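Following: one structure in C-alpha cells, then a few remarks.
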Amino acid sequence: LHMAMTAGRRGLAALWHKFGSFDDETAWYEREDVGKHYVLDLAFWHTTQLAPVLAGALEDVKGQRVLDFGSGIGTSALMLAMQGNTVDCVEINPELRKFTEYRMGKHLNGKRSMRFISGSTLPTKTYDMVIALDIFEHLPDPLAKLLQLTAALKPGGQMLTHSDWKADELHPMHHETDMDWEKELLDAGLRPVKGRRFMYERVA
Numbered sequence: 001l002h003m004a005m006t007a008g009r010r011g012l013a014a015l016w017h018k019f020g021s022f023d024d025e026t027a028w029y030e031r032e033d034v035g036k037h038y039v040l041d042l043a044f045w046h047t048t049q050l051a052p053v054l055a056g057a058l059e060d061v062k063g064q065r066v067l068d069f070g071s072g073i074g075t076s077a078l079m080l081a082m083q084g085n086t087v088d089c090v091e092i093n094p095e096l097r098k099f100t101e102y103r104m105g106k107h108l109n110g111k112r113s114m115r116f117i118s119g120s121t122l123p124t125k126t127y128d129m130v131i132a133l134d135i136f137e138h139l140p141d142p143l144a145k146l147l148q149l150t151a152a153l154k155p156g157g158q159m160l161t162h163s164d165w166k167a168d169e170l171h172p173m174h175h176e177t178d179m180d181w182e183k184e185l186l187d188a189g190l191r192p193v194k195g196r197r198f199m200y201e202r203v204a
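First residue of the sequence shown? That's 1 in full-length UniProt numbering, and the numbers climb one at a time after it.
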C-alpha cells in the first residue's frame, strides 16, 4: 500500500507539471487520470495518518446533518453515514465520486443517508458539522471558501479542518501562504473546541 501511495503521489506531481496550472486548477482536478492517482494517494493517507484523527473527532457524532467538502474517496462521509448522520458530499473529480459510490454500495445497504451536491452555492446556517480536511491549500481563494463553509454551519455547529500549506516535490499543486491561517479561522467566526483536535465551533 505504501508503494501504491508513493506511486500515486509521484504520478500526481508528474501530471501537475505536465497539465497543471494555477490559472485553471479546476480543469486539472477534474481530470480522470488525476482522480485515479488520488485514489491511491488518499487510500494510504486515510488508512494511516487520517484514521486516528477521524476516530477521535467523529466517533461520537450521530444524528447530525454534515457537509464533507472535498470528500475524496468518501472515508469521512461513509463513517458518518454509517453512524446515522445525513451527509452531503462535494467532490469535483468524477473518478473519486465513482470510487466513493462503489464504497457506498458496499457499506450503506441502500440507505440514502449520503449524496453528492454541487459546492458552487451552499445553503446558510444548515449544517451541524462541516468537514474540510486538507482542502484549502488546493484553492485559489481559500478565504472566500472558508467564509462560505462557515456560513453553511448552524450557530454552534462545528468544522473539522486541517490544512497543509506546503508545496514540495510531491505536492507542487499546493498553494503556499504567508497568512496566519489560525487567525483567519478566528476572524471567520470559528473558535477551537477544547480537547478536540482540528475541531472548531461557529460562534458568530
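C-beta: ideal position from N, C-alpha, C; glycine also. Nothing here was measured: the structure is a model prediction, and the numbers come from that model.
Item                                                                                                          : Value
Residues near R191 in its chain [Cβ-Cβ closer than 7 Å; skip 5 each side]                                     : Y200, E201, V203
Whether R197 touches V53 by CB criterion (8 Å)                                                                : yes
Same chain, Cβ closer than 6 Å to W16, five either side skipped, listed in chain order                        : P172, M173
Boundaries of the beta strand (DSSP E) in which D128 is found, first to last residue                          : 127-133
6 Å Cβ shell around T86 - same chain, five flanking residues per side excluded                                : R65, S113
Where T161 falls, given that 16 or more other Cβ within 10 Å makes a residue buried                           : buried
Cross-strand partners of Y200 (DSSP beta bridge)                                                              : M159, P192
N- and C-terminal bounds of the alpha helix (DSSP H) containing M179                                          : Here M179 belongs to no alpha helix (DSSP H), and DSSP marks it neither H nor E.
Under 8 Å between C-beta atoms of M82 and H107                                                                : yes
For V61, the three-state DSSP class (helix, strand or coil)                                                   : coil
DSSP state of R115 mapped onto helix, strand, coil                                                            : strand
CA-to-CA distance, G156 to D128, given in whole angstroms                                                     : 8 Å
Span of the alpha helix (DSSP H) around T26                                                                   : 25-29
Own chain partners of G189 with C-beta closer than 8 Å, once the 5 adjacent residues on each side are dropped : T150, R202, V203, A204
As assigned by DSSP and simplified to three states, the class of T47                                          : helix
Euclidean distance between Cα positions of I117 and M159                                                      : 18 Å
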